[in-house]
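As C-alpha cells, the structure follows; a few thoughts come after it.
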Amino acid sequence: MFNLIKQFITKFREERYFHLKFRLIVLNTFFSVIPLVIVVTITYLWIDQIVHTEFKNNLKWQMEETRHALEFFISERISALKFLVNSYPENYFSDEKKFVQLFSNFKSEFEGIVDMGIIDDRGIQLLYTGPYNLKGKDYSQADWFKEMFFRTDYVTSVFLGYRKIPHFSIVIKKESTSHDKFWLLRVSINMDVLQKLISNLEISSMDDVFLINNEHILQTNSKLFGNVLEPLKLNNLKIKSDKKNVSIYDIELNKKQAYISYVPIKDTPWTLVTIICSRPYEKIPSFFTKEVMLISLLSIIITFIVITKSINTLINRIKQADHEREIAIANAEHADKLASIGRLAAGVAHEINNPLAIINEQAGLMKDLLQYGDLSKNKDRFIQLIDSIQNSVTRCRTITHRLLSFSRRINIGKEDINVNDVIEEVLGFIEKEIQSKGINIVYDFQDTLPKIITDKGQLQQVLLNIINNAVDAVPQGGTIKIQTRLSDSNYLEISIQDNGSGIPKDVLKHIFEPFYSTKKKGTGLGLYISYGIIKKLGGDIHVESEIDQGTTFTIKIPINPDMEELNEKGKITDN
Amino acid sequence: MKKAKLLIIDDEAELVSTLTERLNLRGYDAHGVTNFIDGIKLLNETPDVVILDIGLQDMDGMEILKKIKEINPTIQVIMMSGYGDAERINKSLMHGAYDYLIKPVDIDELVSKIDNAKLKRGTM
Chain H
708 MFNLIKQFIT KFREERYFHL KFRLIVLNTF FSVIPLVIVV TITYLWIDQI VHTEFKNNLK
768 WQMEETRHAL EFFISERISA LKFLVNSYPE NYFSDEKKFV QLFSNFKSEF EGIVDMGIID
828 DRGIQLLYTG PYNLKGKDYS QADWFKEMFF RTDYVTSVFL GYRKIPHFSI VIKKESTSHD
888 KFWLLRVSIN MDVLQKLISN LEISSMDDVF LINNEHILQT NSKLFGNVLE PLKLNNLKIK
948 SDKKNVSIYD IELNKKQAYI SYVPIKDTPW TLVTIICSRP YEKIPSFFTK EVMLISLLSI
1008 IITFIVITKS INTLINRIKQ ADHEREIAIA NAEHADKLAS IGRLAAGVAH EINNPLAIIN
1068 EQAGLMKDLL QYGDLSKNKD RFIQLIDSIQ NSVTRCRTIT HRLLSFSRRI NIGKEDINVN
1128 DVIEEVLGFI EKEIQSKGIN IVYDFQDTLP KIITDKGQLQ QVLLNIINNA VDAVPQGGTI
1188 KIQTRLSDSN YLEISIQDNG SGIPKDVLKH IFEPFYSTKK KGTGLGLYIS YGIIKKLGGD
1248 IHVESEIDQG TTFTIKIPIN PDMEELNEKG KITDN
Chain C
52 MKKAKLLIID DEAELVSTLT ERLNLRGYDA HGVTNFIDGI KLLNETPDVV ILDIGLQDMD
112 GMEILKKIKE INPTIQVIMM SGYGDAERIN KSLMHGAYDY LIKPVDIDEL VSKIDNAKLK
172 RGTM
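As you go down the protein sequences, you meet chains H and C in turn.
Under the working numbering, the letters of the first sequence match residues 708 to 1282, in that order.
Under the working numbering, the letters of the second sequence match residues 52 to 175, in that order.
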C-alpha cells in the first residue's frame, strides 16, 4: 500500500515537472520566435512592394519607349508626305510617270509603304501606284474621306479596304488655289509594320501586347484576345483613351492575377495595350522566401535547442531544490514529532509515577505491617490498602487508555466523535501543567452539538498543539476560554482564547509557515502541521490577536465531510 | 542518634498518610500535610528534613523550597516528584535541595537519604 502511494506521488510529481517543462519550452520558443517572424514578414512585404514598384516602373518605361517609337514612325511619315505635297510641282501629282518615280523614291526612304494614290475631292482615285489595281476606285463613302473635309492630315484605323488585307492609311490634304477644291495624297502601310513595332516591347511569352482603336477593335494580332479587327473582349475594364500617360491596373484574367497597362498614341486612333500574366515580380520574393525561410528555420531550431537545454537545467535544479526542501521538512516534522513525544512522555510519566508511588508506599506499608505487627489485627487495614492500590491502578489505566486512544488514530481514519469530549480528553493530558501554572479554564460548550465524522487522533493533535500554545502564552494564573458552537448547518467552530501577551502583526502573518517559531525550543512546525491537518479534514483555521489582550484561534470543521474528497486529500500525506 | 523529625508535603493524601505511617514505623517523628498552608504551621516546629513534592495545588514546589530555605536554611529538603527531567532536578539542587528523588521511591533509599540529610544538618 505504502509503495503504491509512493509510486503515485512520484508519478504525479514527474508529470508536474513534465508539464512545467513543456509549458516553459513552448512559451519561451513562441515568444523568442515572434520577433523573428515579425521581422521576416515585414521584410517580405517590404521587398514585395519594392519588387512590384520596380516592375511597374519598368513596364511604364517600356510602354513609353514603344509609344515614342510608334509616334515617331507616324509623325515622320506625315511630315515627309506634307513636304512632298507642298514642295513638289503639281505635275508630279498629275503625271503618272512622275508620280511613279516619286513613289519609288519615297518607298526606298521610308520602309513599310505599300502603295500611294491621289484622290480628288469627289473621292475618286485619280492616280495609283502599288501592287493592287485600285485606280479609279471611289472612296467617297469611306469614313477617312469624310474626315478629310475637316482635317489636313489623318491616320486611319486598320481596315481591309478593297484589297482585303489589314492595313492603315496616312492621308494628306492639299488645298487647291481655286476655292473649295482639294486633292488627297494617300499612302497605305500594312498592319505587319505595327506588329513589328510593338514587338520590341520586352515581355515574356505568356504576356500580350497589341493595339486597339477608339472603338476597342484590335489593330494588331493578340495572343489572348484574337486576331486583328476582332473586337477586344475585356470584362469590367474600361480603357480610357483620353489619358495622356501610361496607366497600370491589376485585373483578374481567367481567374488569375494580371496587370494591364495602356497608353494612347498621339495623333492616331490607337491605344497600346500590354497584359502581363507571367508575374515577373514574384521571382525575387520566391528566391527571398527560400533563403529567408531556411535561415529562419535554422534560427528557430537553434532557439528551440538552446531553450530546451536551459529549461532542462532549470527544471533539474527545481527538482533538486524540491527534493532537498522535502527532506528538510520531513526531518523537521520528525524532530517536531520527537519534541511532542518528549513533552507527552514527561507528562505521562508524571501522571503514572504518582499512582505508582501510592501503590509502592501502600504495598510497602502492607509489608511493614506484616513485619512489625499482627496480621489478624490489621485485616481491615489490609483490605483498605488493597482497595486503595486498586484505585491507583484504575488511575494508571485511565492514563494508558487515553494514550491508546491517541495512538489508535494510525489505524482509524474516520469516526463519529463528540467535539466537547475530545477537548476534555486533550485537556486531561495537560491537566498537571494547567494546574501547576494555576490556569483557569473557562468552558463555553454548546451541549447540543451534533457528532461529527472526522479523524479523531488528528483533531486531538491539533487541539493539543493549540491549547499547549495557549498554556505557554498565558501568565501564571491566566485564563483560557474554550468555546464550541454550531457555525452553520455544515460546520462546527472551536475557539481557544487566551489572555496572554498577544502576537505582533508581523509575526501573526507567518505563524502558519513551516519553521517559523518564536519559542526558544520550538521547531516551528506545530501550527504548520495543525493547519495542514485541518485543511486535510476539510476545515479551516484562523487566528486573531491583539497585543496585551490575547490570542484567539478558531477552528472550523465540517460535520459531515465529503469522505471521498478527504481521502483524496489524505492520500498524499497519510504515509 | 535520635531519629530525624520529618515533614512530608504532597497533594496526594493517600501517599502522605501511607508514607508518614511507614516512616513512623521506622522510628521517625513524621508529619504529613497535603498543602503548603498546613506545612507552614508545622515548619515552626523545625523539622530536620522536609520531603517535598513539586506539583502542589496551591503553590509550586520550587517556591515552597525557596520559602523553607528563607525561613531556616538548615532544614534539609528532599524533593520527590513524578517528573524526572534534568531541568527540574538542576533547578531544585540550585535552590538548595538536599536531593531529588523520582517517584515511586524505594523506602530504604529514602530512609538512607533522610539519615544522611539529618547528619548534614547536624554539622551545620
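Beta carbons: idealized from backbone N, C-alpha and C, even for Gly.
This structure is a prediction, so every number in the text was calculated from the model and none was measured.
Less than 8 Å between the C-beta atoms of Tyr151/C and Ile140/C, yes or no? In this structure, Ile140/C lies closer than 8 Å to Tyr151/C by Cβ.
Return the residues of the region 60-76 of chain C that lie within a Cβ-Cβ distance of less than 7 Å from chain H, sorted by chain order. Sequence-ordered contacts of the region 60-76 of chain C with chain H read Glu63, Glu65, Leu66, Thr69, Leu70, Glu72, Arg73, Leu76 [C-beta pairs closer than 7 Å].
Under the rule that 16 or more other beta-carbon atoms within 10 Å means buried, what is Tyr1150/H, buried or exposed? The residue in question, Tyr1150/H, is exposed, as its Cβ has fewer than 16 Cβ neighbours within 10 Å.
Mind listing the chain C neighbours of Ile1356/H? Cutoff is C-beta to C-beta under 9 Å, in chain order. The question about residue 1356/H has no answer here: the residues shown for chain H are numbered 708 through 1282.
Kindly indicate which residue of Leu1199/H, Ile1141/H, Asn1176/H has the alpha-carbon position closest to the one of Thr1259/H. Closest by alpha carbon: Asn1176/H.
Locate the alpha helix (DSSP H) running through Tyr1238/H, then write down its first and last residues. 1233-1243 is the span of the alpha helix (DSSP H), which, as asked, contains Tyr1238/H.
C-alpha distance - Asp80/C paired with Lys54/C, whole-angstrom precision: Going by C-alpha positions, Asp80/C is about 7 Å away from Lys54/C.
Between the region 1017-1029 of chain H and the region 1046-1065 of chain H, are three or more C-beta pairs nearer than 8 Å? Counting C-beta pairs with one atom in each stretch, the region 1017-1029 of chain H and the region 1046-1065 of chain H have fewer than three that are closer than 8 Å, which means they do not touch.
Using a Cβ-Cβ cutoff of less than 7 Å, which residues in the same chain neighbour Ile1279/H once the five nearest sequence positions on both sides are dropped? In this predicted model, Ile1279/H has a pLDDT of only 36, less than 50, meaning its place in the structure is not dependable; the value taken from the coordinates is given anyway. Within the same chain, Ile1279/H has close Cβ partners Ile716.
What ranges does the alpha helix (DSSP H) occupy inside the region 776-856 of chain H, keeping only unbroken runs of at least 4 residues that lie completely in it? Counting only runs of 4 or more residues that sit fully inside the region 776-856 of chain H, the alpha helix (DSSP H) segments are 803-816, 850-854, in chain order.
Kindly indicate if chain C contains any beta-carbon less than 8 Å away from that of Ile1119/H. Legend: pLDDT at Ile1119/H = 42, less than 50; position of this residue unreliable, value from coordinates given subsequently. So, not an interface residue.
Nearest to Lys805/H by CA position, among Tyr835/H, Lys789/H, Leu777/H, is which residue? Measuring C-alpha to C-alpha distances from Lys805/H to each of Tyr835/H, Lys789/H, Leu777/H identifies Tyr835/H as the nearest.
In terms of alpha-carbon separation, which member of Val916/H, Ile946/H, Glu922/H, Asn921/H lies closest to Phe932/H? Looking only at Val916/H, Ile946/H, Glu922/H, Asn921/H, the smallest Cα-Cα distance to Phe932/H is reached by Val916/H.
For Leu144/C, which three-state DSSP category applies? In the displayed model, Leu144/C falls within a helix according to three-state DSSP.
Is it a yes or a no for the region 999-1011 of chain H touching the region 733-740 of chain H, going by three-plus beta-carbon pairs under 8 Å? For the pair of segments examined, the region 999-1011 of chain H was found to touch the region 733-740 of chain H: the number of CB pairs separated by less than 8 Å reaches three.
Is any beta-carbon of chain H found at less than 8 Å from that of Ile165/C? By this cut-off, Ile165/C is not an interface position.
Measuring alpha carbon to alpha carbon, tell me which residue in Thr981/H, Lys1144/H, Leu891/H, Pro1268/H is nearest Ile1241/H. The shortest C-alpha separation from Ile1241/H is found at Pro1268/H.
Does the CB of Asp136/C have a neighbour CB from chain H at under 8 Å? Closer than 8 Å to some Cβ of chain H, the Cβ of Asp136/C qualifies, so yes.
Would you mind sorting His1057/H into buried or exposed? The rule is 16 or more other CB atoms within 10 Å of its CB. By the 16-neighbour rule on beta-carbons within 10 angstroms, His1057/H is buried.
Counting only beta-carbon atoms, is Asp111/C nearer than 8 Å to chain H? By this cut-off, Asp111/C is an interface position.
What is the DSSP secondary structure of Thr884/H, reduced to helix, strand or coil? In the structure shown, Thr884/H sits in coil (DSSP, three-state: anything other than H, G, I, E or B).
Let me see if you follow: with CB-CB separation under 8 Å, is Ile1090/H close to chain C or not? So no, Ile1090/H is outside the interface.
Find the residues of chain C that neighbour Lys1097/H, judging by a C-beta separation of less than 7 Å, and give them in chain order. Here the sequence assigns Gln to residue 1097/H, which means Lys is not the residue at that position. What Gln1097/H touches in chain C: nothing, since even the nearest Cβ is about 12 Å away.
Grab me the residues of Lys171/C's own chain with a C-beta within less than 8 Å of its C-beta, minus the 5 sequence neighbours each way, in chain order. Cβ within range, chain order: Gln127, Tyr149.
Which residues in chain C sit within 8 Å of His726/H, going by Cβ to Cβ distance? Result: empty, since nearest Cβ-Cβ is about 51 Å, beyond 8 Å.
Out of Asp887/H, Lys945/H, Asn952/H, Asn812/H, which has the shortest C-alpha to C-alpha gap to His775/H? Comparing Cα-Cα distances from His775/H to each of Asp887/H, Lys945/H, Asn952/H, Asn812/H, the minimum goes to Asn952/H.
Among Tyr1235/H, Asp860/H, Lys1263/H, Gly1257/H, which one has its Cα closest to the Cα of Ile1248/H? Measuring from the Cα of Ile1248/H, the nearest candidate turns out to be Lys1263/H.
Please list the segments of the alpha helix (DSSP H) lying wholly inside the region 892-944 of chain H, counting only runs of 4 or more residues, in order along the chain. Contiguous alpha helix (DSSP H) elements confined to the region 892-944 of chain H occur at 898-905, taking only those with 4 or more residues.
Can you look up Tyr149/C in the DSSP assignment and give me helix, strand or coil? It is coil, neither helix nor strand.
Can you tell me which of Ile1159/H, Cys984/H, Ile1002/H, Lys903/H puts its alpha carbon nearest to the alpha carbon of Gly819/H? Nearest C-alpha to Gly819/H: Lys903/H.
What is the DSSP secondary structure of Phe875/H, counted as helix, strand or coil? Here Phe875/H carries a strand assignment [DSSP, helix/strand/coil].
Pairwise C-alpha distance: Leu1082/H and Leu1045/H: If you draw a straight line from the Cα of Leu1045/H to the Cα of Leu1082/H, it is about 50 Å long.
Chain H partners of Ile158/C, CB-CB under 7 Å? Within chain H, the residues near Ile158/C are Gly1071.
Nearest to Tyr988/H (by Cα), restricted to the options Asn764/H, Ala1035/H, Phe817/H, Thr863/H: The shortest C-alpha separation from Tyr988/H is found at Asn764/H.
Pairs of beta-carbons, one from the region 826-845 of chain H and one from the region 786-796 of chain H, closer than 8 Å: are there three or more? In short, these stretches do not touch, since the Cβ pair count stays below three.
Hey, is Lys154/C's beta-carbon within less than 8 Å of any beta-carbon in chain H? Chain H, which has a Cβ nearer than 8 Å to the Cβ of Lys154/C, makes this yes.
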